[in-house]
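**Q** There's a structure below that I have some questions on.
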Amino acid sequence: MRESSSFFKKQQKLAPYWFVLPFVVTFLVFSAYPYLKSLSYSLYATSGPKDAKFVGLSNYTFLFSDPDFHQAVANTALFALLSVAIQLPLSLGLAMLLSQKWLKGVKVWRLAVFLPNLLGQVAVGVLFSVLLQPKFGLVNIGLSKVLGEAMLDKKWLSDPQNVLPALVLVQAWISIGYNMIYFLAALQNVDQELIEAAMVDGANGWQRFRAVTLPAITPVLMFVLVTMTVGSFQLYELPRLLLGGGGPDNRGLTIIMYLFNNGLNPGNLGYAAAVGWTLALMLAAISAIQLWLSGAAKKDA
Amino acid sequence: MKLLGKIVTYLILSLSVLGALIPVVWLLLASIRPTDQVFSEIFTASHPTLQNYADLWELQSPNYIRALVNSVFLACAGVILQLFFCSLAGYALAKYEFKGKKALMAVQLLTVFIPGAVTLGPGYQLMYQLGLVDTYAGMLIGSAGNVFGIFLFRQAMLGVPDELLNAARIDGCTEFGIYWNIILPIIRPMTGAFCLLTFMGSWNSLLWPSMMLQSPAHHTLPIALSSLVGLYSQKYGMMMAGTVVMIFPVVALFLVLQKEFISGLTSGAVKG
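Each protein sequence line maps, in turn, to chains B and U.
Anchor point for the first sequence: position 173 equals 173 in the UniProt record's numbering, and the numbering is continuous, going up by one each time.
Anchor point for the second sequence: position 228 equals 228 in the UniProt record's numbering, and the numbering is continuous, going up by one each time.
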């Protein structure tokens, strides 16, 4: 008896090490090692595995002076900003509509709104490259019925002005339902008694939202905001399929696309690594600012 | 006023649902129209045909079905592998104290914000040195250590009461037995959500697979679909059929896992 209980004790002590072992080994080899390697690579100019020359920070200085990179950062940042501005209110608004107690068929509505998310960026890119054609594309046919015949000729994918709006709208079509699911769950946790108390006190809809609902859903709001931003900055598949590359005047060029075209594709892994780490720093800074702002807002309220 | 509010709500929801569904309906119908009639109708298909799907089989070389099989295999095997690796590690992080736990958690937090693109170059080089380029083994093992998955599983497992685990220990259950017989069944919704998310991630990814899987016989659906777009850009019907083939398995899997997906996905975020 004593022996067997000591076996179980010992086992309990050793078990966690066994449990994390598969993950730790694969993580160290296939993630941690490439991470560190790419940090050092970013200081080299490479054109193949055997030809690497130490260049210090000149990958980074070249990057910062390259107008194409500026264009890619501007496109991606604008895409992220517009995506957040459109998707956050729409997905939260839809979730609030779907949380009404008297609403019938919640599950069916939810499923239908969520469906586009399942298609993924590659399939959606192909689909909308057809739907957004001038003259015979479904989007322009629909718009021309509502806004007049002129819309039929609108060039979404070949006019530089329209490329980014097209990307933002197609991405919104994909993601609104997905973000809505998070808000739906968050809204279920809002204290209904507090809402009713506020109603008795004569608070209007906006005041109730501001004072009761918003504070309760702030953690989820921040989660959605940060993941949406991080995701937007890594845009690649959608423009690649929708535009076949950077699009007219490179208005659809994104940071990851730039990394691929200027680093990986010509075999300059050092340059690709420098682009990647610049993106990582940008993301860390933006996420930190977002989280800090939410903390400040909480203290304010 | 109250009635008006209800009518407006239903109206907005109907418009949203139409906006979400119309492109998908158009896609399905376009895929069964003859190539020269893809744009001559909108919400009908008066001469339905499967020729576009047959073209996928005949014109693509190696044919599209091969890419479908490759994608299914890679996604399913990847899900199983990641499920096992991540849930075990998540279990250790949620329910045990051990040396290096803090370091592991810190590394986890750090890497969430580093984009995967950073490691594309060195990752490819490593795969090359290990002789894993253009192999399924390389694709699978490279993605097994999914940091986000561990985070999700740890969150779900924190909610399982310790008394339950101790009771099982007194009954003589091994530590792995506790994981297998008690923890896994309790966190089933989370598991369903994780499976679907991982499946979709593998299913839709293009950049890394297109670097790794070079021989056409190893191509996955996203690679095959994007090369189809390049080669047959005028054959709209065939493009749409290829798109339908690509989205069908995901939609089917979602319908099976729908319940688990919604509750599992949100439990992690709302508590965390």
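All C-beta atoms, glycine included, are put in the ideal place defined by N, C-alpha and C.
Owing to the predicted nature of the structure, the values given are computational and were not obtained by experimental measurement.
For U/Leu-68 and chain B, any beta-carbon pair shorter than 8 Å?
**A** Output row for U/Leu-68: interface = no.
**Q** Which bits of chain U does B/Tyr-35 rub up against, with CB to CB less than 9 Å?
**A** Here the neighbours are Thr-111, Ile-114, Val-118, Thr-119 and Pro-122.
**Q** What first and last residue would you give for the alpha helix (DSSP H) that runs through B/Thr-218?
**A** That run of the alpha helix (DSSP H) goes 214-232.
**Q** How is B/Lys-154 classed by DSSP in three states: helix, strand or coil?
**A** B/Lys-154 falls in the coil class under three-state DSSP.
**Q** Say whether chain U places a C-beta atom closer than 8 Å to the C-beta of B/Ile-86.
**A** It does not: the Cβ of B/Ile-86 has no partner Cβ on chain U nearer than 8 Å.
**Q** Please decide whether U/Gly-159 counts as near chain B, where near means a Cβ-Cβ distance under 8 Å.
**A** Closer than 8 Å: no.
**Q** From the beta carbon of B/Ile-195, is the nearest beta carbon of chain U less than 8 Å away?
**A** It does not: the Cβ of B/Ile-195 has no partner Cβ on chain U nearer than 8 Å.
**Q** So, under 8 Å CB-CB, B/Ala-273 and B/Ser-38 are touching, yes? Tell me the CB distance rounded to an integer number of Å.
**A** The pair is a contact, with the Cβ atoms about 4 Å apart (cut-off 8 Å).
**Q** Please return the same chain residues whose Cβ sits closer than 8 Å to the Cβ of U/Val-38, not counting the five positions on each side in sequence.
**A** Within the same chain, U/Val-38 has close Cβ partners Ala-30, Tyr-236, Gly-237 and Met-240.
**Q** Taking Cβ-Cβ distances below 8 Å as the criterion, which residues of the segment 156-181 of chain U are in contact with chain B?
**A** The segment 156-181 of chain U vs chain B, Cβ under 8 Å: Arg-169, Gly-172, Thr-174, Glu-175, Phe-176 and Tyr-179.
**Q** For B/Asn-59, does the count of other Cβ atoms within 10 angstroms reach 16, so buried, or fall short, so exposed?
**A** With 16 or more Cβ atoms within 10 Å of its Cβ, B/Asn-59 is classed as buried.
**Q** Taking all protein chains shown into account, decide if U/Gly-145 is buried (16 or more other Cβ within 10 angstroms of its Cβ) or exposed.
**A** By the neighbour-count rule (16 or more Cβ atoms within 10 Å), U/Gly-145 is buried.
**Q** Go through its chain and collect everything with a Cβ distance to B/Val-190's Cβ below 8 Å, but skip five positions before and after it.
**A** The residues are Val-212, Thr-213, Ala-216 and Ile-217.
**Q** Going along the chain, which residues of its own chain have a beta-carbon closer than 7 Å to the beta-carbon of U/Tyr-64, five neighbours each way excluded?
**A** So the list reads Leu-56, Trp-57, Ala-224, Gly-242 and Val-245, once near-sequence residues are dropped.
**Q** What in chain U is Cβ-close to B/Tyr-44, meaning under 7 Å?
**A** What B/Tyr-44 touches in chain U: nothing, since even the nearest Cβ is about 11 Å away.
**Q** So if DSSP puts B/Lys-53 in a beta bridge, which residue, or which two residues, is it bridged to?
**A** Looking at the DSSP assignment, B/Lys-53 forms a beta bridge with B/Ala-45.
**Q** B/Lys-104 by DSSP, collapsed to three states: which one?
**A** B/Lys-104 falls in the coil class under three-state DSSP.
**Q** Counting only the same chain and skipping the five closest in sequence on each side, list residues whose C-beta sits under 8 Å from that of B/Trp-109.
**A** Closer than 8 Å at Cβ, skipping near neighbours: Leu-98 and Leu-103.
**Q** Using the beta-carbon of each residue, which ones in chain U are nearer than 7 Å to B/Trp-109?
**A** Neighbours of B/Trp-109 on chain U, chain order: Leu-13 and Val-17.
**Q** Return yes when the Cβ of U/Thr-198 is within less than 8 Å of the Cβ of U/Leu-74, no when it is not.
**A** No. Outside cutoff.
**Q** Can you list, in chain order, the residues of the segment 267-295 of chain B whose Cβ is nearer than 7 Å to any Cβ on chain U?
**A** Residues Leu-269, Ala-272, Ala-273, Gly-276, Trp-277, Leu-279, Ala-280, Leu-283, Ala-284 and Ser-287.
**Q** Helix, strand or coil for U/Ala-193 per DSSP?
**A** Helix.
**Q** Nearest CA to the CA of B/Leu-225: which residue from B/Ala-85, B/Phe-69, B/Phe-19 and B/Leu-28?
**A** Here the closest residue by C-alpha is B/Ala-85.
**Q** Determine, using beta-carbon pairs with one atom in the segment 139-159 of chain U and one in the segment 70-87 of chain U, whether at least three such pairs fall under 8 Å.
**A** The segment 139-159 of chain U, when compared against the segment 70-87 of chain U, does touch it at the 8 Å Cβ threshold.
**Q** Compute the distance between the beta-carbons of U/Phe-248 and U/Phe-254, then report whether it is under 8 Å.
**A** Going by C-beta atoms, U/Phe-248 is not nearer than 8 Å to U/Phe-254.
**Q** Please determine, among U/Trp-26, U/Gln-214 and U/Met-200, the residue with the shortest C-alpha to C-alpha distance to B/Phe-136.
**A** Ranking the options by Cα distance to B/Phe-136, first place goes to U/Trp-26.
**Q** Quick check on the burial criterion: 16 or more other C-beta atoms within 10 angstroms. Buried or exposed for U/His-218?
**A** Result: buried.
**Q** Between which two residues does the alpha helix (DSSP H) harbouring B/Glu-237 extend?
**A** First-last of the alpha helix (DSSP H) with B/Glu-237: 237-243.
**Q** What's the gap between the Cα of U/Thr-9 and the Cα of B/Gln-71?
**A** Straight-line Cα distance between these residues: approximately 41 Å.
**Q** Out of U/Val-24, U/Ile-114 and U/Ser-40, which has the shortest C-alpha to C-alpha gap to B/Ser-287?
**A** Minimum Cα distance to B/Ser-287 is reached at U/Ile-114.
**Q** Use the C-beta contact count for U/Phe-43: other C-beta atoms within 10 angstroms, 16 or more gives buried, fewer gives exposed.
**A** The residue in question, U/Phe-43, is exposed, as its Cβ has fewer than 16 Cβ neighbours within 10 Å.
**Q** Indicate whether the contact test is met: 3 or more Cβ pairs, each with one atom in the segment 88-95 of chain U and one in the segment 150-160 of chain U, closer than 8 Å.
**A** With a cut-off of 8 Å, the segment 150-160 of chain U and the segment 88-95 of chain U count as touching, because enough Cβ pairs lie within range.
**Q** Should U/Glu-175 go down as buried or exposed, given a rule of 16 or more other Cβ atoms within 10 Å for buried?
**A** Looking at its Cβ environment, which holds 16 or more other Cβ atoms inside 10 Å, U/Glu-175 is buried.
**Q** Check whether the segment 163-176 of chain B and the segment 191-205 of chain B are in contact - that is, three or more C-beta pairs closer than 8 Å.
**A** No contact exists between the segment 163-176 of chain B and the segment 191-205 of chain B.
**Q** Below 8 Å, can you find three or more Cβ-Cβ pairs linking the segment 263-273 of chain B to the segment 101-116 of chain U?
**A** Too few Cβ pairs lie closer than 8 Å, so no.
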